[in-house]
Amino acid sequence: MRPALLRLLKRPSALSVLDSLISAPAGVEQLELRRDQRCLRCFSRSARQKQPTYTVHPENTASSEYPSQSTRRTPSFRIHNIKAPKTQAEHCVESGEQQVAANKGLSLFRIQTEKLEFESDIGHTRDIGTRLVDDPLYRNDFDLWVELLRYRQRHYGDLGTMVIWEALTDRLDDVQLPVDGDVAEFLWQSFINVGFKRNVVMAELAEYARELWDRSGKRWPKFYESVVGGFIERGMIHEAEAWHRKLRDPHLACPNDILRVLRPGIPVQQSTRAAAGLKSPDAQGFLPSLSAFRNVCRSIQGHQIYVPTISALLQHGLPAQEMVLMHLFLVGKGDHPRSYREIEPLIHSAEKRGLQSFRQKLRAYVNSRFPGETEKVEIKDSEIEDSQQDLLHEEKPVKDEIGARIFATDALKFELILSGLKMFGATSIGPQSLRELALRAHGSRDILEKLRLLQEAGVSIGDSVFSRLVRKLATENRGIVLADLLRSDQHPDVLEDARIQESLLLAYYLSHDWRLYNLTLVILGEIVDEGSDMFNIHFRKHMAAGEWALASKVVDELALRGKPLTTRSIDFMIRHALTPRRPGNGPVRTSDRSPKTEVLFVLRVLQRIIPLGAIVSSRLWIELIKRLGQTDCWIELRRCCLWLANQYSPSVPQKNTPMDIVSSTSAAQTGLAPSNSGQDPHILRTIFNRQLQEALVHWGFRKRVSSKFYRCNPNQLIPWVRGLALLRELERSGVDLQTSCIRRACRHRLAIVFGRNRRSSRPMNRMLRRENPYSLEKVFGDISRVWGVPSLFGGREYIDVFRLINPPSSKMSYRRTRKTLWRERTLRGPAFIQSRS
Numbered sequence: 086m087r088p089a090l091l092r093l094l095k096r097p098s099a100l101s102v103l104d105s106l107i108s109a110p111a112g113v114e115q116l117e118l119r120r121d122q123r124c125l126r127c128f129s130r131s132a133r134q135k136q137p138t139y140t141v142h143p144e145n146t147a148s149s150e151y152p153s154q155s156t157r158r159t160p161s162f163r164i165h166n167i168k169a170p171k172t173q174a175e176h177c178v179e180s181g182e183q184q185v186a187a188n189k190g191l192s193l194f195r196i197q198t199e200k201l202e203f204e205s206d207i208g209h210t211r212d213i214g215t216r217l218v219d220d221p222l223y224r225n226d227f228d229l230w231v232e233l234l235r236y237r238q239r240h241y242g243d244l245g246t247m248v249i250w251e252a253l254t255d256r257l258d259d260v261q262l263p264v265d266g267d268v269a270e271f272l273w274q275s276f277i278n279v280g281f282k283r284n285v286v287m288a289e290l291a292e293y294a295r296e297l298w299d300r301s302g303k304r305w306p307k308f309y310e311s312v313v314g315g316f317i318e319r320g321m322i323h324e325a326e327a328w329h330r331k332l333r334d335p336h337l338a339c340p341n342d343i344l345r346v347l348r349p350g351i352p353v354q355q356s357t358r359a360a361a362g363l364k365s366p367d368a369q370g371f372l373p374s375l376s377a378f379r380n381v382c383r384s385i386q387g388h389q390i391y392v393p394t395i396s397a398l399l400q401h402g403l404p405a406q407e408m409v410l411m412h413l414f415l416v417g418k419g420d421h422p423r424s425y426r427e428i429e430p431l432i433h434s435a436e437k438r439g440l441q442s443f444r445q446k447l448r449a450y451v452n453s454r455f456p457g458e459t460e461k462v463e464i465k466d467s468e469i470e471d472s473q474q475d476l477l478h479e480e481k482p483v484k485d486e487i488g489a490r491i492f493a494t495d496a497l498k499f500e501l502i503l504s505g506l507k508m509f510g511a512t513s514i515g516p517q518s519l520r521e522l523a524l525r526a527h528g529s530r531d532i533l534e535k536l537r538l539l540q541e542a543g544v545s546i547g548d549s550v551f552s553r554l555v556r557k558l559a560t561e562n563r564g565i566v567l568a569d570l571l572r573s574d575q576h577p578d579v580l581e582d583a584r585i586q587e588s589l590l591l592a593y594y595l596s597h598d599w600r601l602y603n604l605t606l607v608i609l610g611e612i613v614d615e616g617s618d619m620f621n622i623h624f625r626k627h628m629a630a631g632e633w634a635l636a637s638k639v640v641d642e643l644a645l646r647g648k649p650l651t652t653r654s655i656d657f658m659i660r661h662a663l664t665p666r667r668p669g670n671g672p673v674r675t676s677d678r679s680p681k682t683e684v685l686f687v688l689r690v691l692q693r694i695i696p697l698g699a700i701v702s703s704r705l706w707i708e709l710i711k712r713l714g715q716t717d718c719w720i721e722l723r724r725c726c727l728w729l730a731n732q733y734s735p736s737v738p739q740k741n742t743p744m745d746i747v748s749s750t751s752a753a754q755t756g757l758a759p760s761n762s763g764q765d766p767h768i769l770r771t772i773f774n775r776q777l778q779e780a781l782v783h784w785g786f787r788k789r790v791s792s793k794f795y796r797c798n799p800n801q802l803i804p805w806v807r808g809l810a811l812l813r814e815l816e817r818s819g820v821d822l823q824t825s826c827i828r829r830a831c832r833h834r835l836a837i838v839f840g841r842n843r844r845s846s847r848p849m850n851r852m853l854r855r856e857n858p859y860s861l862e863k864v865f866g867d868i869s870r871v872w873g874v875p876s877l878f879g880g881r882e883y884i885d886v887f888r889l890i891n892p893p894s895s896k897m898s899y900r901r902t903r904k905t906l907w908r909e910r911t912l913r914g915p916a917f918i919q920s921r922s
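Heads up, the final residue of the sequence shown is numbered 922 in the working numbering, and it's a clean run with no missing numbers.
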């Protein structure tokens, strides 16, 4: 019996089953080999004694320990192949003691398969609150999500992945998938693999990725590559081209990133299947995968991918017509090789394959593109060796350290050193030798004379920054600066680094060391452009020194010359002008300048340079608008928003509306900047997203109103609707409004002032409710006057006012209210204010 059992276990099928069981212990229950229920009870009892870190609600214990007949798996043994993260290893139950103590709870949870079945059954909206992922504590625990997804994939395949995806999108609405790391790659790639088979899932996934980008500015960098490249790998050429048009904004960050979807090594079978949908692909002479790549590239401008594309085709040994078509296509789009060496492998390949006509065309192209480089290629081997020997005889530079010691020796006169250089046939000297030569000279005229003698003897001083400065300063007879240069402790090679010189310039400027400051200015003038580059350096210098007035003058001078600030200068200004703030909190007040002064300075600089072609990210504009709203600078906030709408709107800017509810000085705020239709048409949608539109409504309500002012102006619009009025003005300038988000924000503010009396933790909210001088009818009437037709609330203000101003609250809101009441009863005075959340 024993040898028969051993022969049975040695079969390949038995080994495969045992290997699968060892690597995935949670799938043991699929065998249905339990003959004695006592063992299972003992196992379950021992597992329950070790309480994991993941807790289950008491009401679900019964259902988790004894699954119903519908949830129990059939005795089939089907194991689905899934891809695990690279750094996550699947350990068996026996090796659980080797895991980290922090993962002990998850390991125990992995053992209890019935609980895994229950917790992963979340592809519906029933029984919300009974699963671990419903708990906010574990909602963003993606290790738990990975475990649930792996379990569902192993047991149910693609249907299991669909369950987890429906849970992320339907059951929960505030879970943001990670965008970096192995966990993110596993989650995104699992859903994309299902999307290849189900178009609905792929469409939902693309919409989810777009909303994640609009909401948080984050995206998985491999999303475009995985979707478009995956369709090409599967031979679905038309789908790849269609999804390229949908995903290139914003998932294709750089034009050269299109190279990631190049698939020259697709198996022939897939290319043949894809070619079946095309008209006579053999007659056309190209693979469908490369045809799809060219079609994708046609809609992308400015890419420089000639060298890696041709190299990939050569490495995979594709047919000659593929390289011909790809070369002609890339050259036709203006994507050229930068030197002869980059196109030389293609020429050699054409020669080996006997493509004489194509080789002649390449030669003609190279002669017209690189006329000076082709002559070197035509030299024969013997001629190349002779030329190399001639070069060895021609180039004989003096080693810089030895030359510096020779010139520094007082016993050796310059004429003797020059004779020695001639005798040994030296052709050049280094910068350190030139330094010692200049130090021993007697003034600028003596330096120029010695340089002339070196030139007549055929000895060059090179073309380094140091040698050019020595010749230039000696010619201009600037003896003081020349002496400082020669006695400087900087190595001549350091003079080539512009960043080091700029940091030295700032240090000398702050310490008022004007001699070294002037020397560094001369060095920078030799390295960078005397025009806009030097102005940018001075701008950064004044910003680092805190001299904002002088920095503003530099910007004005650049604007007069028609030159914008560089991206580096803009980033430098942001780091030094804006005080850092924590997310969700307003800017911190410093003793030097107020937050309002900081934002207004940055706004003035940006408004001067953007019409000149400067590029500013939408995240910076959102940050500036947030700071203005958080500091209650409404006039400046309105100016900034209208300027942005007029600047980036493709339509003609509209005139100001007569609805001036803030100040009489805002009537002249619309003639701010001309319309610039050459900008990105999507930047307005990115800046004025739904979160910012809701924030404008909230900031509009945050204004303390005196009852005396209301009695004096009963017919004037109340200030609380100024946010709605600004949104209507932005809409006329081309901004798309999110009506549902605006309606939700208005209902929230009305609930704070007129709704049920629930204690708020915000002092501003309590003050607005306590000192409110307006009636509910007055507020509704002014909202209708500002918003217009159709009504913002759809007529509900006339039907059910109570429910309109009392929207349903979440459990978290009730918990915050109870916490606020407890703090107010327990704490007194400033302690209550400082402890509020």
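Using N, Cα and C, we set each Cβ at its ideal position, and we do this for glycine too.
Do residue i and residue j have their C-beta atoms closer together than 8 Å?
i: Ala644; j: Arg572; result: no
i: Arg333; j: Glu310; result: no
i: Lys648; j: Leu697; result: yes
i: His661; j: Ala629; result: yes
i: Leu233; j: Ser205; result: yes
i: Val381; j: Ile343; result: yes
i: Ile385; j: Leu431; result: no
i: Gln586; j: Ile565; result: no
i: Leu290; j: Trp230; result: no
Taking the alpha helix (DSSP H) that residue i falls in, what are its first and last residues?
i: Asp259; result: Unbroken run through Asp259: none, as it is neither H nor E.
i: Pro696; result: First-last for Pro696: undefined, no H or E at that position.
i: Trp805; result: Premise fails: Trp805 is in no alpha helix (DSSP H) and is neither H nor E.
i: Pro373; result: Pro373 to Arg383
i: Trp328; result: Ile322 to His336
i: His783; result: Arg775 to Phe786
i: Glu632; result: Careful: Glu632 lies outside any alpha helix (DSSP H) and carries neither H nor E.
i: Lys711; result: Ser703 to Gln715
i: His388; result: Unbroken run through His388: none, as it is neither H nor E.
i: Val418; result: The amino acid at residue 418 is misidentified as Val; the sequence shows Lys. Counting along the chain, Lys418 falls outside any alpha helix (DSSP H), and DSSP gives it neither H nor E.
Residue i by DSSP, collapsed to three states: which one?
i: Ser860; result: coil
i: Pro577; result: helix
i: Pro404; result: coil
i: Pro393; result: helix
i: Ser654; result: helix
i: Glu114; result: Residue placement at Glu114 cannot be trusted, given a pLDDT of 41 that sits under 50; what the coordinates show is reported in the next sentence. Here Glu114 sits in helix by DSSP.
i: Ala89; result: helix
i: Pro349; result: coil
i: Ser513; result: strand
i: Ser545; result: strand
i: Val735; result: Looking at the sequence shown, residue 735 is not Val but Pro. Residue state, collapsed to three classes: coil.
i: Pro482; result: strand
i: Gly763; result: Legend: pLDDT at Gly763 = 43, less than 50; position of this residue unreliable, value from coordinates given subsequently. In the structure shown, Gly763 sits in coil (DSSP, three-state: anything other than H, G, I, E or B).
If you draw a straight line from the C-alpha of residue i to the C-alpha of residue j, how long is it?
i: Tyr223; j: Lys200; result: 15 Å
i: Tyr602; j: Arg530; result: 25 Å
i: Asn850; j: Cys826; result: 20 Å
i: Ile803; j: Leu709; result: 26 Å
i: Ala836; j: Gln715; result: 21 Å
i: Leu590; j: Lys626; result: 8 Å
i: Leu691; j: Ala634; result: 15 Å
i: Ile890; j: Pro875; result: 19 Å
i: Tyr733; j: Val248; result: 42 Å
i: Ile707; j: His783; result: 15 Å
i: Arg834; j: Ala780; result: 11 Å
i: Val268; j: Asp228; result: 8 Å
Is any heavy atom in the ligand ADP found nearer than 7 Å to the beta carbon of residue i?
i: Gln400; result: Looking for the ligand ADP in the displayed structure turns up nothing, as the structure carries no ligands at all.
Does the segment 490-497 touch the segment 544-556, meaning 3 or more C-beta pairs lie closer than 8 Å? no
Okay, do the segment 248-266 and the segment 217-234 touch, 3+ Cβ pairs below 8 Å being the bar? yes
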